[in-house]
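Enquirer: One structure, as structure tokens, below. Some questions next.
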Amino acid sequence: MRQSDVKELIVNMGPQHPATHGVLRLVLELEGEVVKRCTPYIGYLHRGVEKLSEDLTYVQCLPLTDRLDYLSSMINNIGFCLAVEKLMGINIPKRAKFIRTLMGEMARICSHLVWLATHALDIGAMTVFLYTMRDREYLLELFEMVVGARLTVSYPRVGGVRCDINEEFLDKLYRFIEDFPNKIQQYETLIDRNRVWLKRTKGVGVITAEEAINWGLTGPPLRATGVYYDVRKFFPYDAYDEVEFEVPLGKNGDIYDRYKCRMQEMRQSARIIKQCIEKLPTGLVLAEDALRIRMPASPLKIDKKEIQFEVYIEDKKIEEFIQKFPEVYASVESPKGELGFYIVCDHSAKPYRMRVRAPSFVHIAVLPKLCEGFLVADVIANIGSIDIVLGECDR
Amino acid sequence: MDTVYLIFITTVKTAVYFGILLLHVAYATYTERKVIGHIQLRLGPMIVGPHGILQPIADIVKLLFKEDIIPAKADKFIFKLAPFVSLSAALSTFAVIPVNKNWVISDINVGLLYVLGIAGLGTYGVIFSGWASNSKYAFLGSLRSTAQMISYEVALGLSLVGVVLMAESFNLSEIVNRQNEYWYGMFLFPQIIGYFVFVVSMLAETNRLPFDLPEAETELVAGYFVEYSGIRFSLFYLAEYLAMFCMSSLAAICFWGGWSIPPILVKTFPFLSIIPGVVWFLLKVYFHIFLFFWLRGTLPRYRYDQLMAIGWKILIPLALINIVITSLLKIL
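From first to last, the protein sequence lines are chains H and P.
Mapping the first sequence onto our numbering, position 227 (from 1) lands on 214, and the numbers just tick up by one.
Just add 34 to wherever you are in the second sequence, counting from 1, and you've got our numbering.
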């Protein structure tokens, strides 16, 4: 056969594929097993969260943020609340700050456990999946105990958190956190000392620090290249400036370093939770001037004209404050990377424009760079290692 | 008259042998789910019958009554033929495998060669299915599988050369008898390198973890049989499990002394000789089957190029070294 007769094999991977973590669609051009070109297609989970929020009040927007990265909805809520609080100049009580930090780190552990489970499953280690699910289940039950929901919690409120936590919850959480490092050890014995695992992850999907910054990576994929950047350290929110923790860094920026970073992060999260429980102050959990939902008397009586600024934000002080800063950006360190909320306010009770800086969206963009020139099996490993959630990417 | 009698007795033998074999396969699926379940902190099947003991029967019934889907663009004849090629190749290997002294359907002189040759034919089923499905995933899976089976067959064959050199025969019963002449009663000890190569190639040859690339769930969804459904799908499964049993039996016969017990053990514990040979044989086979499940519960999957590198750069040289050492010892 002449050389010109040889064509690349085009394989459509997804949107229904067991290993693309949701509805990501990749079109791969293969030459044998080598990926020549990889094109991600997104938008299969687009629900118009940003546009939708323009039609909802600040309080009503909150449940929408749950659905962004559904594996760590607590952190999304916190990010949104921070932005609105910044916009309105609401100071939240100290206890609420600690509770948010604690819950946020619990969500981070949950999210990382799901990442580890699916990442390991993608590479073929099935047993890790069920081990991590066992521990995640415990945390989800704790969420349920406080909030009533397991995944889409909507627990933080603008101005604090919805309800207080009790001793029983703290007891259970403390017991879990005490034992958690051992459990991480357990996962590591299953995969970290496994030659197959090392061969599949070391030196694969490498990205240098400079490239990572240029591509706009944040979170573990950036830190795996050795760049010291963590929103929790650089722009501390909630109680992060009052607890001690380290930011684990990698060196080579390959899949193995990303894996290592996340594993260390889980240990640090456990450390933060422990400190939060020990230092938890007493007091209010919701600021006095927090936004509250005021329901109209009956849904049938809602008049379009009635839904005005005054109905939802009664505080004159807040109204004045908003007029000072019509635009805000607030970001949190979500398990995936830097999750930012940019809100433009037009003095109504609804955001004029809300833009979500979704780390998954940025990270999917770098996927072709990581995959091209490697094998098909590495595409799967790479998708797992950058830890994307399509709900957040497509919004 | 003699010929008729021979045909009759062989048919009966075959029916009994294969009946027991298929029962084993059915319960191997059940055992696999149970073993992996317990490794993964689950219970495995629990609903059908006590401890889910009737699960395999429920599975078979379900698969039999499922709709048989043939893709519109598939090559229908080859598509239908493929599972039967795989299955008949896997089943035929058992014709020469002895489970006890003289308990064998056909005691031919080139038994070992026959097993390797017929098992190699199973690759055709894989190629046919991947090609006829007219699907890219199936095609990639079958390409991988073909390359993998061909390269590991070399290592598998070479690893058994040491055994043949020591036994001076290709006859499987003879190989067992020869092992019994040594006081330790197993070729496992002098052929430890060969055994290692054999076990690794055995995993690759049967497409099991950590070498289950042809059906890599996460990359190729299911590999070469992705377009199959219902009973045809189960025939592929059957062939895979039969291949596992075939390789386990081969390991038991060639390295673990088949149905015999090491003479030194019989000398120390005379009561062991009461236990029939078939029990020992089955125990040795079950151990290897368990090994398959155990590895599946523990190991991640290799990448395609790494798999090939292991086959050609590590296993084949090791097997050759083993042959050289064995030959030298034989001359001395």
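Virtual Cβ for every residue (Gly too), placed ideally from N, Cα, C.
Bear in mind the structure is a predicted one, so any value in this text is a computation, not a measurement.
1) Against chain P, does residue 119(H) count as a neighbour if the rule is that its beta carbon must be under 8 angstroms from one of theirs?
2) Report the rounded CA-to-CA distance for residue 76(H) versus residue 217(H), giving the unit in angstroms.
3) With distances taken from CA atoms, which of 165(H), 51(H) and 143(H) is nearest residue 87(H)?
4) Quick one: residues in its chain with C-beta nearer than 6 angstroms to the C-beta of residue 176(P), no 5 flanking neighbours on either side, listed in chain order?
5) How would you label residue 356(P), buried or exposed, when you count the other beta carbons within 10 angstroms and need 16 or more for buried?
6) So for residue 136(H), helix, strand or coil by DSSP?
7) Within the same chain, show all residues whose beta-carbon is closer than 6 angstroms to that of residue 192(P), passing over the 5 residues directly before and after it, in chain order.
8) Taking a contact to mean a Cβ-Cβ separation below 8 angstroms, would you say residue 333(P) touches residue 238(P) in this structure?
9) What is the rounded straight-line gap between the Cα of residue 282(P) and the Cα of residue 109(H)?
10) Any idea what DSSP makes of residue 317(P), helix, strand or coil?
11) So which of 42(H), 148(H), 338(H) and 266(H) has the shortest CA-CA distance to residue 315(H)?
12) If you drop the 5 nearest sequence neighbours on each side, which residues of the same chain put their C-beta closer than 6 angstroms to that of residue 295(H)?
13) Determine the direct distance from the alpha carbon of residue 208(H) to that of residue 130(H), and round the result to whole angstroms.
14) For residue 202(H), which residues in chain P fall below 8 angstroms Cβ to Cβ?
15) Can you pull the chain H residues whose beta carbon is under 8 angstroms from the beta carbon of residue 237(P), in chain order?
16) So is the beta-carbon of residue 49(P) under 7 angstroms away from any non-hydrogen atom of the ligand HEM?
17) With a threshold of 8 angstroms, are at least 3 pairs of Cβ atoms found where one atom belongs to the stretch 319 to 328 of chain H and the other to the stretch 150 to 165 of chain H?
18) Return the bridge partner residues of residue 143(H) from the DSSP annotation.
19) List the residues of chain H that residue 337(P) touches, going by C-beta distances under 8 angstroms, in chain order.
20) Taking only the alpha-carbon atoms, compute the straight-line gap between residue 362(H) and residue 17(H) and give it to the nearest angstrom.
21) Between which two residues does the alpha helix (DSSP H) holding residue 166(P) run?
22) What separation, rounded to the nearest whole angstrom, lies between the Cα atoms of residue 279(P) and residue -3(H)?
23) Quick check: is the beta carbon of residue 243(P) nearer than 8 angstroms to any beta carbon in chain H?
24) Measure the C-alpha to C-alpha separation of residue 245(H) and residue 380(H) and round it to an integer number of angstroms.
25) Any idea if residue 166(H) is buried or exposed, counting beta-carbon neighbours within 10 angstroms, 16 or more meaning buried?
26) Which stretch, first to last residue, makes up the beta strand (DSSP E) that contains residue -3(H)?
27) So with Cβ pairs under 8 angstroms, would you call residue 295(H) a contact of chain P?
28) What separation, rounded to the nearest whole angstrom, lies between the Cα atoms of residue 274(P) and residue 141(P)?
29) Hey, is the stretch 93 to 102 of chain H in contact with the stretch 248 to 264 of chain H, meaning 3+ C-beta pairs nearer than 8 angstroms?
30) Answer with buried or exposed for residue 136(P), where buried requires no fewer than 16 other C-beta atoms within 10 angstroms of its C-beta.
31) Beta-carbon within less than 6 angstroms of residue 32(H)'s beta-carbon, same chain only, minus the 5 sequence neighbours each way: which residues are those?
32) Between which two residues does the alpha helix (DSSP H) carrying residue 69(H) extend?
33) Output yes or no for whether 8 angstroms exceeds the beta carbon distance between residue 106(H) and residue 372(H).
34) State buried or exposed for residue 42(P), treating a residue as buried only when at least 16 other CB atoms are found within 10 Å of its CB.
35) What residues from chain H crowd round residue 340(P), counting only those whose CB sits closer than 7 angstroms?
36) Can you tell me where the beta strand (DSSP E) holding residue 341(H) begins and where it ends?
Expert: Once the coordinates are examined:
1) Chain P, which has no Cβ nearer than 8 angstroms to the Cβ of residue 119(H), makes this no.
2) Each residue's Cα considered, the two are about 24 angstroms apart.
3) When only C-alpha atoms are compared, the closest one is 143(H).
4) Same-chain partners within the cutoff: 160, 161, 164 and 258.
5) Its Cβ being crowded by 16 or more others within 10 Å, residue 356(P) is buried.
6) Three-state DSSP puts residue 136(H) in coil, outside helix and strand.
7) Around residue 192(P): 353.
8) No, Cβ-Cβ distance for residue 333(P) and residue 238(P) is not below 8 angstroms.
9) Between residue 282(P) and residue 109(H), the C-alpha separation is close to 28 angstroms.
10) Note: residue 317(P) maps to helix in three-state DSSP.
11) Minimum Cα distance to residue 315(H) is reached at 338(H).
12) Because residue 295(H) sits at a pLDDT of 46, beneath the cut-off of 50, its placement in the model cannot be relied upon, and the following sentence gives the value as read from the coordinates. Answer for residue 295(H): no residue qualifies.
13) Computed Cα separation, rounded: 28 angstroms.
14) Those within 8 angstroms of residue 202(H) in chain P number zero; the least Cβ separation is about 25 angstroms.
15) Listed along chain H is no residue with a C-beta nearer than 8 angstroms to that of residue 237(P); the closest approach is about 12 angstroms.
16) In the structure on display, the ligand HEM does not appear, and there are no ligands present to speak of.
17) No: fewer than three Cβ pairs fall under 8 angstroms.
18) Paired residues: 148(H).
19) For residue 337(P), the chain H residues whose Cβ falls inside 8 angstroms of its Cβ are 186, 187, 362, 364 and 365, in order along the chain.
20) The alpha-carbon atoms of residue 362(H) and residue 17(H) are separated by roughly 9 angstroms.
21) Looking at the DSSP string, the run of the alpha helix (DSSP H) that includes residue 166(P) is 145 to 166.
22) When the Cα atoms are used, residue 279(P) and residue -3(H) turn out to be separated by approximately 37 angstroms.
23) Yes - at least one Cβ of chain H is within 8 angstroms of the one on residue 243(P).
24) Their backbone Cα atoms lie some 20 angstroms apart in a straight line.
25) Residue 166(H) should be labelled exposed.
26) -4 to 0 is the extent of the beta strand (DSSP E) around residue -3(H).
27) Model confidence at residue 295(H) stands at a pLDDT of 46, short of 50, so the residue's coordinates are unreliable; what they give is reported in the following sentence. Cβ-Cβ to chain P under 8 angstroms: no for residue 295(H).
28) If you take the alpha carbons of residue 274(P) and residue 141(P), they lie about 24 angstroms apart.
29) Taking a cut-off of 8 angstroms on C-beta distances, the stretch 93 to 102 of chain H touches the stretch 248 to 264 of chain H, as three or more cross pairs fall below it.
30) By the C-beta density criterion, residue 136(P) is exposed, having fewer than 16 other C-beta atoms within 10 angstroms.
31) Within the same chain, Cβ atoms closer than 6 angstroms to the Cβ of residue 32(H) are found at 10, 377, 378 and 381, the five residues on either side in sequence being excluded.
32) Counting along the chain, the unbroken alpha helix (DSSP H) around residue 69(H) starts and ends at 60 to 75.
33) Contact flag set, yes.
34) Its Cβ having fewer than 16 others within 10 Å, residue 42(P) is exposed.
35) Residues of chain H passing the Cβ test: 186.
36) Taken as a continuous stretch (DSSP letters only), the beta strand (DSSP E) holding residue 341(H) covers 338 to 344.
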